[in-house]
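Trainee:
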Amino acid sequence: MIVIMRSGATPEEINHICEKVREMGLTPQVSRGVERTVIGVIGEEEKLRVKPLAAFPGVENVVEIQRPYKLASRQFRGEPTEFDMGNGVKVGGKKVVVMAGPCSVESREQLLKAAEAVKKSGATFLRGGAFKPRTSPYAFQGLGEEGLKLLREAGDKFGLLVVTEVMDTRNVELVASYADMLQIGARNMQNFDLLKECGLAKKPVLLKRGLSSTIQELLLSAEYLLSKGNFKVMLCERGIRTFETATRNTVDINAIPVLKRETHLPVLLDPSHGTGVRDYVLPIARAAVAAGADGIMMEVHPNPEEAWSDGPQSLLPQQFEAVMREIKVIAQAVGREI
Ligand code: PEP
Ligand code: MN
């Protein structure tokens, strides 16, 4: 249910409704738009039938949200969500954000080289895993906190924001103390406890689509974050499993316009994990920007041959530079900037 307030509704009227909603054992989520304020009512909507909120002062209309994801839906918030990373960098605005860096943080030297290169070519975020979700327990699992320290150092040295994965509820606070954005990986998209914990964290979240998840499931996972009060959420299409074996995953390019229609949250595309092949990263990055993505995430390694994970899909610094040059032109053509 959403309560649409009249334009010019007073803070007292808004607070009054929030109090009533809480008294009924439900949770209010206030969204202040340019035109008007909307209050999302979360919980068992049955409880509202006995106290129709439409009669309260300042209320224009009460609407039932048809979608199973309420707060993430366009019905709840009509305008796209644009949020500030705290340093003036905006996510979800005119500028398409680029996140780049190695799959895994391997060493100080590797990370500093990668960070320098991606900054030089115009990335705004440094990516890199310190906690790695590996298919095999014998594969490199990440440097842990040491990796987080290196990410923070490299990010600060080159003026890049840091985005890195958190896999475990026990590490949310730790990762949030180093990173600017928490990444929830594809394999954890439906780790509901992790979603709840990240929803309570004071850092923006990048939520990646599960390998075999539908768009609706992705949005319901985002709803976990939003319902805990964290609205600084970005969604990421990173390829899904299909019968096709020519590429590591199949990029669902459709997900971009579908998500842009269904939700107000910014949408990112990851052509590195989406294709698994370095040579396909450029064409798919181009397609993503053309289709309306709000950001691109790419793996870049100073020496992919030696990478401890995902070498075949990692771009060399000069290849990343070429991708940046090309997607800038596409961004301009569709009324965006990079
Ligand atoms: C990653 O971005 O480091 C990663 C592991 O991606 P995904 O969760 O999409 O597989
Ligand atoms: Mn990777």
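Numbering that gives the first Met the number 0 numbers the first residue of the sequence shown as 0 and each following residue consecutively.
C-beta: ideal position from N, C-alpha, C; glycine also.
Pull up the CB-CB distance for V280 and Q312, whole angstroms please, since I reckon it's below 8 Å.
Mentor: Their Cβ separation, rounded to whole angstroms, is 7 Å, which keeps V280 and Q312 in contact under 8 Å.
Trainee: Is it the case that the CB of C235 approaches a heavy atom of the ligand MN more closely than 6 Å?
Mentor: No, the ligand MN has no heavy atom inside 6 Å of this Cβ.
Trainee: With respect to 6 Å, is the separation between the Cβ of D309 and the closest non-hydrogen atom of the ligand MN below this value?
Mentor: yes
Trainee: Would you call the segment 271 to 285 and the segment 319 to 337 in contact, with 3 or more CB pairs under 8 Å?
Mentor: yes
Trainee: Helix, strand or coil for G57, going by three-state DSSP, please let me know.
Mentor: coil
Trainee: Just to check, is the beta-carbon of K207 closer than 6 Å to a non-hydrogen atom of the ligand PEP?
Mentor: yes
Trainee: Based on DSSP bridge pairs, tell me the residues matched to C235.
Mentor: Beta-bridge pairing links C235 to K207, L267.
Trainee: Cβ of H300 versus every heavy atom of the ligand PEP: is any distance shorter than 6 Å?
Mentor: no
Trainee: Below 8 Å CB to CB, which residues in the same chain sit around A289 once its five sequence neighbours on both sides are set aside?
Mentor: I329, A332, V333
Trainee: Would you say the beta carbon of G184 is closer than 6 Å to some non-hydrogen atom of the ligand PEP?
Mentor: Distances from the CB of G184 to the heavy atoms of the ligand PEP include at least one below 6 Å.
Trainee: Using CA atoms only, rank isn't needed, just tell me which of M0, A113, Q74, Q215 is closest to I255.
Mentor: Minimum Cα distance to I255 is reached at Q215.
Trainee: Which of helix, strand or coil does DSSP assign to M166?
Mentor: coil
Trainee: Taking only heavy atoms of the ligand PEP into account, decide whether any of them is closer than 6 Å to the Cβ of G154.
Mentor: no
Trainee: If you follow the alpha helix (DSSP H) that P256 is in, where does it begin and where does it stop?
Mentor: 254 to 261
Trainee: Give a yes or no on whether the minimum CB-CB distance between L111 and chain D is below 7 Å.
Mentor: Structure shown: chain D not included; a single protein chain is present.
Trainee: Can you check DSSP and say which residues form a bridge with E298?
Mentor: G100
Trainee: Put R285 into one of helix, strand or coil per three-state DSSP.
Mentor: In the three-state DSSP reduction, R285 falls in the helix class (H, G or I).
Trainee: Could you tell me the distance, in whole angstroms, from the CA atom of S135 to the CA atom of S308?
Mentor: 12 Å
Trainee: Assuming contact is defined by CB atoms lying nearer than 7 Å, are M0 and E63 in contact in what I supplied?
Mentor: yes
Trainee: Relative to the C-alpha of E144, which candidate in V37, S176, F242 has its C-alpha closest?
Mentor: S176
Trainee: Check whether the segment 191 to 200 and the segment 37 to 54 touch, using three or more Cβ-Cβ pairs below 8 Å as the test.
Mentor: The segment 191 to 200 is not in contact with the segment 37 to 54.
Trainee: Counting only the same chain and skipping the five closest in sequence on each side, list residues whose C-beta sits under 6 Å from that of K207.
Mentor: Same-chain partners within the cutoff: G184, A185, C235, R237.
Trainee: Please name the residue or residues paired with D83 in a DSSP beta bridge.
Mentor: Per DSSP, K89.
Trainee: Closer than 6 Å to a non-hydrogen atom of the ligand PEP - does that hold for the CB of G128?
Mentor: yes
Trainee: Note down the Cα distance separating A153 from K119, rounded to an integer number of angstroms.
Mentor: 13 Å
Trainee: What residues in its chain sit with their C-beta under 8 Å from that of E78, if we drop five residues either side in the sequence?
Mentor: G32, V33, H263
Trainee: What ranges does the beta strand (DSSP E) occupy inside the segment 11 to 50, keeping only unbroken runs of at least 3 residues that lie completely in it?
Mentor: 26 to 31, 36 to 41
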